[in-house]
Amino acid sequence: MEATSEPPAGAQALVLRLEGFEGPLDLLLDLARGQKVDLARISILALVEQYLAVIEGARRVRLELAADWLVMAAWLTWLKSRLLVPAGGEAAEEAEEAAEVLAARLRELQTMRAAAQWLGARPVLGQDVFARGAPEDLSVVDRSRLALDLTGLIRAYLLALRRAAATKPYRPPTASLWSVQQALTRLASLMGSLPDWSTLDAYLPEGLGTALERRGALASTLLAGLEMARGGAVRLRQEAAFAPIEVRRGGEDV
Amino acid sequence: MSDEAMQDALRLAEAMVFAAAAPVTARQLGQLLPEGIEAEAVLSALRDRYAGRGVELAEVAGGFQFRTAPDLAPRLRKVVQVPRRLPRAAMETLAIVAYHQPVTRPEIEEIRGAALAQTTLDALLEAGLIAPKGRKEVPGRPTLWATTPAFLLQFGLRDLRDLPKREDLLVEPPAPGQAPPEE
Amino acid sequence: MSDEAMQDALRLAEAMVFAAAAPVTARQLGQLLPEGIEAEAVLSALRDRYAGRGVELAEVAGGFQFRTAPDLAPRLRKVVQVPRRLPRAAMETLAIVAYHQPVTRPEIEEIRGAALAQTTLDALLEAGLIAPKGRKEVPGRPTLWATTPAFLLQFGLRDLRDLPKREDLLVEPPAPGQAPPEE
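Residue numbers (the working numbering), protein chains in the order written: chain A, 1233 to 1486; chain B, 16 to 198; chain C, 16 to 198.
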């Protein structure tokens, strides 16, 4: 091939601006356009030879070539060898297919280049045409409504209570114990309204909260019962140790 | 000045005033116009051209700017609702009134463990979320506060019993001598 | 429709499109017009009124927007700040995304036959011209890219169907021996 001894003049020029191309496909497209026919009828074989001549020329001027340029060169060398075999064989068919894929890729790249040019030729907003520089905002903000939800309300409540608890010094709740005097009054007023021999429990006041209050009230009521039994107003009995203490009106005998 | 030159100047002035982010002065326009064309005359002609239209040329801040015709502005006005939040103190006070009503101001302060600013109370009153509900029969007869129907509406409640129960919200400190509530 | 009603509708449309920062749709205008007046007819009349003026009514990105006439650009650029044009690689990438969307980065690189520089992708993203649109269900799940409404706005397109057909892009074979038009 002639190119090996003397690369085409065009190829020499291309070598010098190889870096101006974005890659092997970019160069191939440029070479294809140089064939002065439309992309549907380019000669892939001629294209391959031109590309390989450029790579050869680049090597001669000891230009560092990126791997993708060499990969493309290797592939195109393979393609060239297949394109040169007589038509009809399996290898020739394979080569034709590969050549068609390459031609399709070149057409697609060319199409996208044309699309980019078409877009670039449009009047671009901010470059060639301008929208209103100071648009008017005619919207009015209404802040009269409140954004409230239950979750927020409850969170605020808990926060307030927690903060208040944290700031208040701890005061143990005052124990309200049922006094003997209160038990005396209650026992005296209730005596007779309950059946004979009721347990002391029945004479406890209502609304006793804690176990402590209950035990305190029971003790006061027992003391009151003992006090009244001393004067004979009531009688007390207990069937066995730790059994409930029962009480009844005093006076007449059973 | 030829009519063609004036038409060209008018187009340029129109485009310039339209595209500029700030009002355009006669001097700025003049720098773009060819010799012999007065910027003031062009702007005056431009104002006449837009007189009575949906957009008018207004003289503002020493320059010229297009503005929506005043009579159309109300029809173009869009109301954007931006609901505001209540400040934290107001939200806490509202929650306390909701759970403890009817409640006096000193009681609210006692529960919150902080003084209640008049502005906070005013904000809730103005929003119609709370209202006075009689007076407490103690010395000084302080006003009692309660929530309003507007409060229910705002929180999407049918009635006050729809509020989560206090017991479900609070783990109260265990009373002495009593087993602590389940953890 | 009476002439008076039409004049009023024209003024309203003019004011609305003028004031808005984004294109106004026929539907948005229709909501402001009285019964029996077609928004499309009003916008069409408005476009006729502004034809040949310094500011023109353009149909872009599904709506209508006033824009300065393209022939005034050289003079307006002297007074309006103009951002830099996109470099060729970015324009090509944008064209590929526009025609192949949704498309992955490896697919773009395959078509261009060159790696896609990060700066190119960044420039398109920053200009808001492309946006991620899900992921392709292949190993590695690469991001899919598509054009945005800002792309339509920027290039004055009503919608993506305004892009020329692929066949029409190559009708004219590239002039022989000519250097690529822009670098």
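Heads up, the beta-carbon is just placed ideally off N, CA and C, and yes, glycines get one too.
Item: Contact set between R90/B and chain C, taken where Cβ atoms lie within less than 8 Å; Value: L27, L47
Item: Cα-Cα separation, Q193/C to D86/C; Value: Low local confidence applies: a pLDDT of 43 at Q193/C is under 50, so the model's placement there is unreliable, with the coordinate-based value given in what follows. Each residue's alpha carbon lies about 27 Å from the other.
Item: Residues from the segment 1319-1350 of chain A in contact with chain C, defined by Cβ distance under 8 Å; Value: R1337, R1339, E1340, L1341, Q1342, T1343, M1344, R1345, A1346, A1347, A1348, Q1349, W1350
Item: Any C-beta of chain C under 8 Å from that of Q1282/A; Value: no
Item: 4 or more residues per run - each alpha helix (DSSP H) lying fully within the segment 1260-1346 of chain A; Value: 1276-1292, 1299-1315
Item: CB contact check: L87/C to chain B, cutoff 8 Å; Value: yes
Item: Contact with chain C by E1296/A, beta-carbon distance below 8 Å; Value: no
Item: is_contact[T83/C, chain A] using C-beta, thresh 8 Å; Value: yes
Item: Residues in the segment 18-44 of chain C having any Cβ partner in chain B nearer than 8 Å; Value: L25, R26, L27, A28, E29, A30, M31, F33, A34
Item: CB contact below 8 Å: V70/B versus chain C; Value: yes
Item: Nearest-angstrom Cα separation, counted from G1464/A out to P189/B; Value: Here the model assigns P189/B a pLDDT of 40, short of 50, so the residue's position is not dependable, and the following value carries that caveat. Approximately 43 Å between the Cα atoms of the pair.
Item: Min CB distance A194/B to chain C below 8 Å; Value: Any answer about A194/B is weak, because its pLDDT of 42 lies below 50 and its placement is not dependable; what the coordinates show is given next. Closer than 8 Å: no.
Item: Boundaries of the beta strand (DSSP E) in which I145/C is found, first to last residue; Value: 145-150
Item: Residue-level contact to chain B via CB, V75/C, 8 Å cutoff; Value: no
Item: Members of the segment 1376-1395 of chain A near chain B, C-beta cut-off 9 Å; Value: S1376, R1377, L1378, A1379, L1380, D1381, L1382, G1384, L1385, I1386, R1387, A1388, Y1389, L1390, L1391, A1392, L1393, R1395
Item: Simplified DSSP state of I1477/A, which is helix, strand or coil; Value: strand
Item: First and last residue of the uninterrupted beta strand (DSSP E) at Q1470/A; Value: 1466-1470
Item: Boundaries of the alpha helix (DSSP H) in which F170/B is found, first to last residue; Value: 164-170
Item: Q80/C and A73/C closer than 8 Å at C-beta; Value: yes
Item: With 16 other Cβ atoms within 10 Å as the buried cut-off, status of F166/C; Value: buried
Item: In DSSP terms, what T158/B is bridged to; Value: R150/B
Item: L1279/A at chain C interface by Cβ criterion, 8 Å; Value: no
Item: For Q15/C, the residue or residues it bridges with in DSSP; Value: What is shown of chain C runs 16 to 198, which leaves residue 15/C out entirely.
Item: Endpoints, alpha helix (DSSP H) assigned at V1373/A; Value: Where V1373/A is concerned, there is no enclosing alpha helix (DSSP H), although the beta strand (DSSP E) it sits in stretches over 1371-1374.
Item: Contact check, L1351/A vs M21/C, beta carbons under 8 Å; Value: no
Item: Of the listed residues R1375/A, G1321/A, D1433/A, nearest to V94/B (C-alpha basis); Value: R1375/A
Item: Per-residue contacts from P164/B into chain A (C-beta, under 8 Å); Value: By Cβ distance, chain A contributes nothing, its closest Cβ being about 15 Å from P164/B, past 8 Å.
Item: Whole beta strand (DSSP E) elements within the segment 40-77 of chain C, 3-residue minimum; Value: 70-75
Item: Below-8 Å beta-carbon distance, V1486/A vs any chain B residue; Value: Summary for V1486/A: the model assigns pLDDT 45, below 50, so the residue's position carries little reliability; its value from the coordinates is reported in the next sentence. Judged by the 8 Å Cβ criterion, V1486/A is not in contact with chain B.
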